[in-house]
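Asker: I'd like to ask you about the structure that follows.
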Amino acid sequence: MALPAMARALAARGIRVDVATTDDDGPGRRLKEVPHGVPVDQEGFRVFYFPKQTEFYKVSIPLLIWLRRHVADYDVVHVHAVFSFSTLAAGWACRLRGVPFIVRPLGVLNTWGMNNRRRWIKTLSFRLLDKPVLDHASAIHYTSRQEADEAARLGIRARAAVIPLGMDLGPFSSLPSPELFTARFPATAGRPIILFLSRLDPKKNVELLLEAMARLGPQSDPIRPNPTESDPILVIAGSGAPAYVAELKARAHDLGLEKQVVWAGHLEGDMKLSALAAATVYVLPSHSENFGIALLEAMAAGLACVSTAGVALAVEAANEEAVLLSGGDPQKLAEILRRLLSNPSERHVLGVAAAQLALTTYSSDAAAESLGTLYGSIIQIKKS
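Rendered as structure tokens:
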């Protein structure tokens, strides 16, 4: 989501943008019906797709060949990945042709990501392959100060540039009717809705939210074990690895939450916007997020949002009194949610602050302006 928004905004400022990528579409999948090696026009920019040969590292020799032939056609190359063949191919091609390049690491250099995802493979790859590329970059594009500070421990020599992601947030400021969502999920109608809307992954820490929900609902009260219309319902909207989703559902069952959780699956388009319109409170309890696009969307929708200090955007928004922070204690999170659900005035104040911050500070135009300045400075350094 971030890269197309970035490309559109840059193109609108008169910068010619081409995107080179593989046809990867997730584990074991490829994008269908995309031509290879020829430009595909998007909204103001072009995309070149190349076939991947492996799942691991997404190796694409045709992408490497194209980069070596054409990278010198560009003033700056902006790489959006680490621990990927695309990063290595772009870095090698740029160094060979003398083209300055920037790397956006997408949060994978954060402490949690380095320690909890293929730790030993990442450590070896970083030392032998990725760090030499990063050290020779003209800049590393971090999307928050928190991300930059966490990556600093790795000793990368390249300059750090902190530029928040910018999104086209217009659709989130004018939401469709919530009835579109409640008609599809009747169990939510008339109930206070606690919404989690993001990818389902261990990093997102949905377990914390389930534990908090178990302390909120009627299943925690032996006198009235069945929910009523005044009891909140948790909507978990998102998809993930089937085995992990099954673990989450089993955990919800063990906590007695069968009637208190709706598993909405992946939502997009108007249904996603309608879910935001129907929600009473939004929660993103992640262990680690270098930015937090899902949180930004909920903020732009004017929702009262609760998140954790592991989400970089949440920390910045909390400093502006636009998001509430909760730690890893489910009882503490339950207390925050109980207070918000019973206090419409506090929800309103928090939602207004969140929307104002999102729409003014994290717009695609603001990000494009900062990126254009960064590109210009790098080009000037090369000329001098």
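By the count of my numbering, the sequence shown reaches residue 1049 at its end, each step adding exactly one. Beta carbons: idealized from backbone N, C-alpha and C, even for Gly.
#1: For a minimum of 3 consecutive residues, which ranges assigned as the beta strand (DSSP E) are wholly contained in the segment 693-768?
#2: Under 8 Å: do the segment 857-864 and the segment 814-833 share three or more Cβ pairs, one atom per stretch?
#3: Kindly give me the distance between the Cβ atoms of Ile-767 and Val-744, rounded to whole angstroms, as I take these residues to be in contact under 8 Å.
#4: How would you call Met-964, buried or exposed, if buried means at least 16 neighbouring beta carbons within 10 angstroms?
#5: Taking C-beta to C-beta, are Ala-670 and Gly-934 nearer than 9 Å?
#6: Write down every uninterrupted run of the beta strand (DSSP E) in the segment 775-841 whose length is 3 residues or greater and which is fully enclosed by it, in chain order.
#7: Looking at the strands, I want to know which residues DSSP matches up with Thr-687.
#8: Using the Cα positions of Ser-1010 and Ala-966, report the straight-line distance between them to the nearest angstrom.
#9: If we count the other Cβ atoms within 10 Å of its Cβ and call it buried at 16 or more, is Met-878 buried or exposed?
#10: Looking at the structure shown, is Val-910 part of a helix, part of a strand, or coil, going by DSSP?
#11: So, using beta-carbon positions, are Glu-985 and Ala-942 closer together than 9 Å?
#12: If you draw a straight line from the alpha carbon of Leu-978 to that of Asp-919, how long is it in whole angstroms?
#13: Just how far apart, CA to CA, sit Val-764 and Leu-873?
#14: DSSP on Leu-968, reduced to helix/strand/coil?
#15: What are the start and end residues of the beta strand (DSSP E) that includes Val-1014?
Answerer: In brief:
#1: 704-706, 711-715, 742-744, 766-768
#2: no
#3: 7 Å
#4: buried
#5: no
#6: 804-807, 825-827
#7: Phe-715
#8: 17 Å
#9: buried
#10: helix
#11: no
#12: 32 Å
#13: 46 Å
#14: coil
#15: No beta strand (DSSP E) holds Val-1014; the alpha helix (DSSP H) holding it covers 1009-1026.
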